[in-house]
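S.K.:
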Amino acid sequence: MEELIKLTAHELLERLNNKEITSEEIYSALQKRIKEVDSKVRAYVRLDKIDELTNQRTKEPGNKLKGIPVSIKDNICTEGYNTECCSKILEGFRPPYDATVIKKLKEAGASILNAKANMDEFAFGSSTENSFFGPTHNPWNLECVPGGSSGGCAAAVAADEAILALGSDTGGSIRQPASFCGVVGLKPTYGRVSRYGLIAFASSLDQIGPITKDVRDNALLMSCICGYDPLDSTSVNTGVPDYTKVLVNDVKGIKIGIPKEYFIEGLDSEVKSALEESINKLKTLGAEYKEVSLPHTEYAVPVYYIIATAEASSNLARFDGVQYGLRVDKTESLIDMYKKTREAGFGNEAKRRIILGTFALSHGYYDAYYLRALKVRTLIKQDFDAVFKELDCIITPTSPTPAFKIGEKIDEPLKMYLSDIYTISANLAGIPAISIPCGFTKRGLPVGLQILAKPFDEETLFRVAYTFEQNTPWHKMKPKI
Amino acid sequence: MEITKETVEYVAHLARIELNRKELEKVSQQLQDILDFIDKLKKVDIKDINPTSHILPIDNVLRQDTPGESLPIDKALSNAPQREGNFFVVPKIIE
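Residue numbers (the numbering used here), protein chains in the order written: chain Y, 61 to 541; chain A, 17 to 111.
#1: Compute the beta-carbon to beta-carbon distance between N95(A) and Y141(Y), rounded to the nearest angstrom, for a pair I have assumed lies under 8 Å.
#2: Whose CA, out of C453(Y), L416(Y), A486(Y), D471(Y), lies closest to the CA of K441(Y)?
#3: Could you name the residues of chain A that G251(Y) contacts, counting a contact when the two beta carbons are closer than 9 Å?
#4: Going by Cα to Cα distance, which pick from P129(Y), C145(Y), G232(Y), M397(Y) is closest to I136(Y)?
#5: Rounded to whole angstroms, what is the Cα-Cα separation between K66(Y) and D302(Y)?
#6: Is it a yes or a no for the segment 341–348 of chain Y touching the segment 194–210 of chain Y, going by three-plus beta-carbon pairs under 8 Å?
#7: Kindly indicate which three-state DSSP category A493(Y) falls into: helix, strand or coil?
#8: Under 9 Å, Cβ to Cβ, is there at least one residue of chain A near P460(Y)?
#9: Do the segment 216–226 of chain Y and the segment 449–458 of chain Y make contact, defined as three or more Cβ pairs closer than 8 Å?
#10: Checking the sheet assignment: what are the DSSP bridge partners for P319(Y)?
#11: Count the CB pairs spanning the segment 371–391 of chain Y and the segment 245–262 of chain Y that are closer than 8 Å, and state whether there are at least three.
#12: When you compare the CB of T23(A) with every CB in chain Y, is at least one pair closer than 9 Å?
#13: Give a yes or no on whether the minimum CB-CB distance between L521(Y) and chain A is below 9 Å.
#14: Going by beta carbon distance, what residues of the same chain come within less than 7 Å of L35(A), once the five residues before and after it are set aside?
#15: Helix, strand or coil: which one does DSSP assign to L87(A)?
#16: Which one of S186(Y), I132(Y), I470(Y), T391(Y) has the shortest CA to CA distance from V105(Y)?
#17: Any idea what DSSP makes of T114(Y), helix, strand or coil?
#18: Taking D380(Y) as the query, report the chain A residues whose CB atoms sit under 8 Å from its CB, ordered along the chain.
#19: Counting only Cβ pairs nearer than 8 Å, list the residues of chain A close to S264(Y).
#20: Among L505(Y), L521(Y), V363(Y), which residue has its Cα nearest to the Cα of P248(Y)?
#21: For D389(Y), count the other beta carbons within 10 Å of its own beta carbon; 16 or more makes it buried, fewer makes it exposed. Which is it?
#22: Tell me the rounded alpha-carbon separation between D274(Y) and L246(Y).
#23: Using a C-beta cutoff of 9 Å, does P206(Y) count as contacting chain A?
#24: Residues in the same chain with beta-carbon distance under 6 Å from Q48(A), minus the five sequence neighbours each way, listed in chain order, please.
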């Protein structure tokens, strides 16, 4: 049974279909694994809930996921089960409804793990160190961060403590941890997956997406969660392909752009050489290459930290001690109650971002900061539009460095922000992007490769990612814990 | 631009966040570093460029005004720190 947890969801499904195993066996193997290793990795929060599973038994035999457990980031609402964004201000919050993605997963026959995956508080961070519950550790090196903010999901998948996981990505929060942990993470096109029930960070950037052991699992999970939802007015009513059908081992004739602005100072030399080898690999498989330019790349991080914090400051206004979560009592007035509750409930990074965002939107600074950022966002999007007129996709490193040490950047927010330098643009432009493993450093840390494509062209991402994966060994590597 | 502690204090008040003196010091310094970095946006020529607040070509999303199911009151109030009947209770707001 021990070996079951090492399998991917599609391998498990095959055995389930052949009646070699049962979904109960999968769950008890997973449970056992979590109990064995999570004291080291700390991928989950509220681990006491691990013995409970919603929708454990699935009735109809024809369904897509047949009881396979899915791990969920702590900012996606699960009815009746704590969803706290790893923040003290939401302590004890039990959503009165399921997020649309959870509803869809249950319909697909998935079981939902009620212990949730750790994250940076409200998804504010790139290391999962900003969690109220403390940091998650990278399964490849327990002294390193797993990346963030979906660090719990990525670490759980890498450590075989999760079979499938759902994270969220506002500026790289799925892809950067996937890269740090050596797993596959997809940020879908903005509007592809319903955000209903995702506790909002930055509404014009947030997307929910799958974090998995390989590309086929990613396509499988993506096919279960995407599609139009009348409850999210930014979800797009367009056809939903079965992504598992586009997985062909062939990239002949695919035109790939390599943006010169991404291969710059600050890019770790081992990451750079892993990328170059990967690019050569795809070349030998028949892909065509061209150097391209995305001239406004250097502005992506500053634009992001204005827009994302501005939207966050507005979205997080709702945490005020009235409707849910923490309330500090014995206060002098309503405003005093708000202030004391928010002082006690938010961590340092949340406070910093809310204040920065409020500043960027405040009278006298709006035009100079917020409006200017929105205009530069247009230019960043136009850079991509121009490249995609000619080419099918773009390949870049996912992150400029492999996983860094816990504590290394925590007191220097700006340094931390720069670790998202390659992932942020996809959110600003609304395009889909996937991170897949593409090598290891000498010290044994995974390196990720990012593929970006046109809006709603997840098919090309999956096809290129699948072909690369089928011709390289990286996704089969397992950490020793 | 230079950001003063008074500005940070004022913005924190707008954001309804209380900061003690030590936090105020630290946050002011960190915001200064971030804003210095952000200032590089001033180099970009944005003349005649329209702002993008949203990436999709969607303006207004309308639906038929037909009554449907809504969240039952008890469920909606189930997480309230303080509740009375069908209401959320807040500290007194009229002096």
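Glycine is no exception: its CB is placed at the ideal position from the N, C-alpha and C atoms.
M.R.: The answer reads as follows:
#1: Actually they do not touch by this definition, with Cβ atoms about 13 Å apart.
#2: Here the closest residue by C-alpha is A486(Y).
#3: Within 9 Å Cβ-Cβ: I71, L72, I74.
#4: In terms of Cα proximity to I136(Y), the closest of P129(Y), C145(Y), G232(Y), M397(Y) is C145(Y).
#5: So the alpha carbons of these two residues sit roughly 25 Å apart.
#6: Contact fails: fewer than three Cβ-Cβ distances are below 8 Å.
#7: The answer is strand: DSSP assigns A493(Y) an E or B state.
#8: So, not an interface residue.
#9: A contact is defined here as three or more CB-CB pairs under 8 Å, and the segment 216–226 of chain Y fails this definition with respect to the segment 449–458 of chain Y.
#10: The partner list for P319(Y) (beta bridge, DSSP) reads V352(Y).
#11: Contact between the segment 371–391 of chain Y and the segment 245–262 of chain Y is present, with at least three C-beta pairs closer than 8 Å.
#12: Among the residues facing chain Y, T23(A) is included, as its CB has a counterpart in that chain under 9 Å away.
#13: Among the residues facing chain A, L521(Y) is not included, as its CB has no counterpart in that chain under 9 Å away.
#14: The answer, listed in chain order, is A28, V43.
#15: Of the three classes helix, strand and coil, the one that applies to L87(A) here is coil, per DSSP.
#16: The shortest C-alpha separation from V105(Y) is found at I132(Y).
#17: T114(Y) falls in the strand class under three-state DSSP.
#18: Those within 8 Å of D380(Y) in chain A are R32.
#19: Simply S69, H70, I71.
#20: Of the residues L505(Y), L521(Y), V363(Y), the one whose Cα lies closest to the Cα of P248(Y) is L521(Y).
#21: So D389(Y) counts as exposed.
#22: D274(Y) and L246(Y) have their alpha carbons spaced roughly 11 Å apart.
#23: For P206(Y), the closest Cβ of chain A is not nearer than 9 Å.
#24: For Q48(A), where only same-chain residues beyond five positions count, the Cβ hits under 6 Å are I19.
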